[in-house]
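See structure below.
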Amino acid sequence: MKIAVLPGDGIGTEIVAEAVKVLKVLNLPLEMETALVGGAAFDAHGHPLPESTLKLAMASDAVLFGAVGDWKYDTLERPLRPEQAILGLRKNMGLFANFRPAICYEQLTHASSLKPELVAGLDILIIRELTGDIYFGQPRGRRVATDGHFPGAEEAFDTMRYTRPEIERIAHVAFQAAQKRNKRVTSVDKANVLETFQLWKDVVTEVGKQYPDVALDHMYVDNAAMQLVKEPKKFDVVVTGNMFGDILSDEASMLTGSIGMLPSASLNVKNQGLYEPSHGSAPDIAGKNLANPLATILSAAMMLRFSLNQDQAADHIESAVKAVLASGLRTADIYSEGTTKVGTREMGDAVVTALTKQITKG
Ligand code: IPM
Ligand code: MG
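Residue numbering for the sequence shown is 1 to 362, as defined by the numbering used here.
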């Protein structure tokens, strides 16, 4: 099983190192190869996604990804910015299905900015379409406006678009995920205004007929944003497009109070996947042994489950993380009075110890 390890920028290198440490405890034939990506790759090779990194990723069963980005690259022209690396990987690998769970861990209920009773036991899965929509729609660019309120003025434009098969395949992913959970899908759209999302709604409704055991409802994105903070536990699986999914998944992650805990998976039709924490590169705390490595460690667990068919190893990692939380260890982002504050490496070590115990127990 070949894994491309792409730590990236900022805290990426620290958190990925902990996940690799954890993976090495498992007695599995994992072949891990590391490469540069994002700003680090730009500094070394003049491009955020060098050909060699892309080739390695495409030839692997899975990619373990840290994070990319730093303010110091904000002045680069768009194609050279670190974010282009993740967009390039998604596009080239065809990673259309993005899973972003928002789970509120029992011990962390009080870390949420919402009232504990609203989030206790929260377990939502956001499924975001990742290779279409306004992110990739053509044409896009700058031009001189020929109509509108200011003809002759400089304007910028992007294209929001979805084809029927793109919607069908992500809808199937969502319904099948719901079948393994609480059998509810909420499809989020803006069909009241946008043609793209009228087609979205129509196609999701059609696909839903093949899953009579799953309850489907539709929600406009503005209402969904509101319901997510009003009554988040009403949701089970949320399926939506690339842009709305970007926004709602950040919102949902904060319900749990700890974006440092949330993993994510992005899969293609071959179940090849890219696994990364839901948070960013946090350059302000990079190199200080402060970052929470648990989201990346849990992403490695998702990788074992989704792309490498190692369910048992994934279970072991998840149990080890829960055991470490139960023992009271916390990185700064999830620290509260009465718990023990530890750094990135110490947290990784604790998971390694707990995992070793899990494995010897069987
Ligand atoms: C995410 C990020 C990316 C996105 C950026 C870094 C391009 O916000 O993965 O949610 O917008 O998809
Ligand atoms: Mg985002």
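Note that CB positions come from ideal geometry on N, CA and C, so glycine has one too.
Residue i classed as buried or exposed, judged by whether at least 16 other C-beta atoms fall within 10 angstroms
i: residue 150; result: exposed
i: residue 71; result: exposed
i: residue 110; result: exposed
i: residue 163; result: exposed
i: residue 20; result: buried
i: residue 311; result: exposed
i: residue 171; result: buried
i: residue 112; result: buried
i: residue 195; result: exposed
i: residue 336; result: exposed
i: residue 193; result: exposed
i: residue 53; result: buried
i: residue 237; result: buried
i: residue 59; result: exposed
i: residue 328; result: exposed
i: residue 338; result: exposed
i: residue 241; result: buried
i: residue 98; result: buried
i: residue 360; result: exposed
i: residue 295; result: buried
i: residue 22; result: buried
Residue(s) in a DSSP beta bridge with residue i
i: residue 219; result: 188
i: residue 157; result: 141
i: residue 305; result: Looking at the DSSP assignment, residue 305 forms no beta bridge with any residue, so it has no partner.
i: residue 129; result: 97
i: residue 263; result: 277
i: residue 365; result: Limits of the chain in this structure are 1 at one end and 362 at the other, which puts residue 365 out of reach.
Anticipated Cβ contact below 8 Å, residue i with residue j, distance rounded
i: residue 90; j: residue 130; result: 5 Å
i: residue 215; j: residue 15; result: With a Cβ gap of about 37 Å, residue 215 and residue 15 do not count as contacting.
i: residue 51; j: residue 4; result: Incorrect: roughly 14 Å between the Cβ atoms, too far for contact.
i: residue 273; j: residue 35; result: Going by Cβ atoms, the distance from residue 273 to residue 35 rounds to 17 Å, so no, they are not a contact pair.
- Query: Below 8 Å, can you find three or more Cβ-Cβ pairs linking the region 247–255 to the region 302–313?
  - Reply: In short, these stretches do not touch, since the Cβ pair count stays below three.
- Task: Report the residue ranges of all beta strand (DSSP E) runs contained in full by the region 1–38; include only those spanning at least 3 residues, in chain order.
- Result: List check, beta strand (DSSP E) in window: 2–8 and 31–34.
- Message: Whether or not the region 115–133 and the region 335–351 are in contact is what I'm after, with contact meaning three or more pairs of Cβ atoms, one per stretch, closer than 8 Å; do they touch?
- Response: No, because fewer than three Cβ pairs between the region 335–351 and the region 115–133 fall closer than 8 Å, the two stretches do not touch.
- Is there contact between the region 261–272 and the region 149–164, where contact requires at least three CB pairs shorter than 8 Å? No: fewer than three Cβ pairs fall under 8 Å.
- Query: Quick one: any contact between the region 42–62 and the region 317–324, if contact means 3 or more CB pairs under 8 Å?
  - Reply: The region 42–62 vs the region 317–324: no contact.
- Message: Can you confirm whether the region 59–76 touches the region 280–294 when touching is taken to mean that 3 or more C-beta pairs between the two stretches lie within less than 8 Å?
- Response: The region 280–294 is in contact with the region 59–76.
- Every unbroken beta strand (DSSP E) inside the region 60–125 [3 residues or more]: Whole beta strand (DSSP E) segments, 3+ residues: 62–67 and 97–103.
- Query: Which ranges would you report for the beta strand (DSSP E) in the region 270–300 if only whole runs of at least 3 residues count?
  - Reply: Runs found: 273–277.
- Which runs of the beta strand (DSSP E), 3 residues or longer, sit entirely within the region 221–248? Restricted to the region 221–248, the beta strand (DSSP E) segments that are unbroken, complete and at least 3 residues in length are 237–240, listed in chain order.
- Item | Touching by the beta-carbon criterion (3+ pairs, under 8 Å), the region 128–144 and the region 228–248 | They touch, by the three-pair rule.
- Using 8 Å as the threshold, is the region 216–231 in touch with the region 184–204, meaning 3 or more CB pairs across them? Touching, yes.
- For the region 82–98 and the region 188–208, state whether three or more C-beta atom pairs, one from each stretch, are separated by less than 8 Å. Counting C-beta pairs closer than 8 Å gives fewer than three between the region 82–98 and the region 188–208, which falls short of the contact rule.
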